[in-house]
Every structure is written in structure tokens, then in C-alpha cells.
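Comments concern the structure below.
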């Protein structure tokens, strides 16, 4: 199993909730990280990303010195165990419609996993097997988010219909606009496991 901790590229940088947003911005720049974990009363409670500084600080014409970092944190903090699979990580991101997860090991943050990390993992894994599948993950790495994921699934199905040809039962299900769950079942029957996996992930509410 490909565990999350093998693919962590961003260190877990923690900042206290009562620090100013200005201090947080400097810390983020110094550590060259995309996000900071916010700690309050000894517990990690939220995440602040670079886009939060733009939308919640700069957009309000503030230099950040009068805003506590805890007030702009995204809560609750969504975490995943370091031993969890990359499939579980993607499922969790889609379920909560988020782009970053905090990986936990021994009850402590051990790193951050971003949407583009997951997309790169799948892209490299499927590149040699199926061009439409590889293209799907390449596009998702540039446009993350649950809504985008489902839109790309629609596009993928259209491409797979042509890719599989007229004699494929999966292609016929796609052509007849069958529910994604039915297409996934047929894909598994035809050993199109990568396609079935994507469709099963897309069913997450």
C-alpha cells in the first residue's frame, strides 16, 4: 500500500493562534510553505493557507498586525494518519472539499499533503497504462476541488467511450448515460480498475 507519509513534501509548521497574521505571513515565507497549522491551548485546531492571507487580510486592506492568525484559520482541522493510503487521502479531500490535509503520526503533525501531491501520485502511477486516465490526473493537479473532480470525470467518460471502442461493455454503459456506479461495476468486470477507482471516488457525497 502507498501510504501518505511516503509522499509528504511539505513540513508541518505550527503557529500559535494568538500570533498576528503578519507574523504568520513572515513564517510562511521563511519556511517556503503553502500552509500553517494553527495551535490553540495546546491543540492543533485549524489551517491557514496563502490564499487565506489574500482573501481575509490583504482584501480587507490590513497589513496583518491587527489580525490574529487564529481568526482566519479554517476549522476544524482535517487530519489523516500517516499510514493511511493515498486513496483514503483523496477520498477525505473530496468529502470535505478541501485541498490540504495534515498528516498525523504518533499524535503529532508530521507533514502536509496537498491536492497536487495526490494528483502527481496518480498521474505517475497511471501514465504508462491509459492516456485518458493520465490526462485526467494531470488536469486535476491544475484545478483541484470536488466540483472540478466531477466535471473532469464527465470529460474522462467521453474520452474513454472513444478510447475503448464500440465492443466494450463499459463504453456502451457510458454511451447510454448509465449511473456512474453502474459504469464502475462494468469497468471492474473489464479490468479497467483505474477508471472504476475514479468513478467510485466521484460518488463520495
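Numbering (the numbering used here), first residue to last: 46 to 250. Just so it is clear, CB atoms sit at the ideal spot from N, CA and C, and this is done for glycine as well.
- Can you tell which of 220, 214 and 247 has its C-alpha closest to the C-alpha of residue 232? As a working note, residue 232 is residue 187 in the chain shown. Minimum Cα distance to residue 232 is reached at 214.
- Task: Could you tell me the distance, in whole angstroms, from the CA atom of residue 166 to the CA atom of residue 112?
- Result: The sequence position of residue 166 within the chain shown is 121, counting from 1. The sequence position of residue 112 within the chain shown is 67, counting from 1. Taking the straight line joining both Cα atoms gives about 37 Å.
- Item | Residue burial classification, residue 240 (beta-carbon count within 10 angstroms, cutoff 16) | Walking along the chain shown from the start, residue 240 turns up at place 195. Flag for residue 240 reads buried.
- Would you tell me roughly how many angstroms separate the C-alpha atoms of residue 247 and residue 140, rounded to the nearest one? One-based indexing of the chain shown puts residue 247 at position 202. One-based indexing of the chain shown puts residue 140 at position 95. Distance between the alpha carbons of residue 247 and residue 140: 10 Å.
- Query: For the region 203-218 against the region 177-184, are there 3 or more C-beta pairs whose distance is under 8 Å?
  - Reply: yes
- Item | Neighbourhood of residue 119 by C-beta, 6 Å cutoff - its chain only, sequence neighbours within 5 removed | For the purposes of this step, residue 119 is taken as the residue at position 74 of the chain shown. So the list reads 91 and 92, once near-sequence residues are dropped.
- Message: Given this structure, state the Cα-to-Cα distance separating residue 59 from residue 198, to the nearest angstrom.
- Response: Counted from its first residue, the chain shown places residue 59 at position 14. Counted from its first residue, the chain shown places residue 198 at position 153. Straight-line Cα distance between these residues: approximately 36 Å.
- Message: Going by the DSSP bridge assignment, what does residue 153 pair with across the sheet?
- Response: Looking up residue 153 in the chain shown gives position 108. 150.
- In angstroms with no decimal places, state the Cα-to-Cα distance between residue 57 and residue 150. Position 12 of the chain shown, counting from 1, holds the residue named residue 57. Position 105 of the chain shown, counting from 1, holds the residue named residue 150. So the alpha carbons of these two residues sit roughly 11 Å apart.
- Message: Suppose only complete runs of 3+ residues qualify. What are the beta strand (DSSP E) ranges in the region 46-97, listed by chain order?
- Response: 59-61, 80-85 and 88-94
- Query: What do you reckon, are the CB atoms on residue 135 and residue 163 nearer than 8 Å?
  - Reply: Position 90 of the chain shown, counting from 1, holds the residue named residue 135. Position 118 of the chain shown, counting from 1, holds the residue named residue 163. Yes, the pair counts as a contact, with Cβ atoms nearer than the cut-off.
- DSSP bridge partner residues for residue 125 (one or two, in chain order): Residue 125 sits at position 80 when you count from the first residue of the chain shown. DSSP lists 148 as partners of residue 125.
- Task: Starting from residue 158, follow its DSSP beta bridges and name the residues at the other end.
- Result: Along the chain shown, read from residue 1 onward, the residue named residue 158 stands at position 113. According to DSSP, which records beta bridges pairwise, residue 158 is partnered with 146.
- Among 125, 168, 181 and 138, which one has its Cα closest to the Cα of residue 156? Taking the first residue of the chain shown as position 1, residue 156 is located at position 111. Residue 156 has its Cα closest to that of 125, out of 125, 168, 181 and 138.
- Which value, in whole angstroms, describes the spacing of the CA atoms of residue 148 and residue 103? The residue you call residue 148 lines up with position 103 of the chain shown. The residue you call residue 103 lines up with position 58 of the chain shown. Between residue 148 and residue 103, the C-alpha separation is close to 29 Å.
- Query: Of the residues 77, 216 and 68, which one's Cα is nearest the Cα of residue 83?
  - Reply: In the chain shown, counting from the first residue as 1, residue 83 sits at position 38. Taking only the C-alpha atoms, the option nearest residue 83 is 68.
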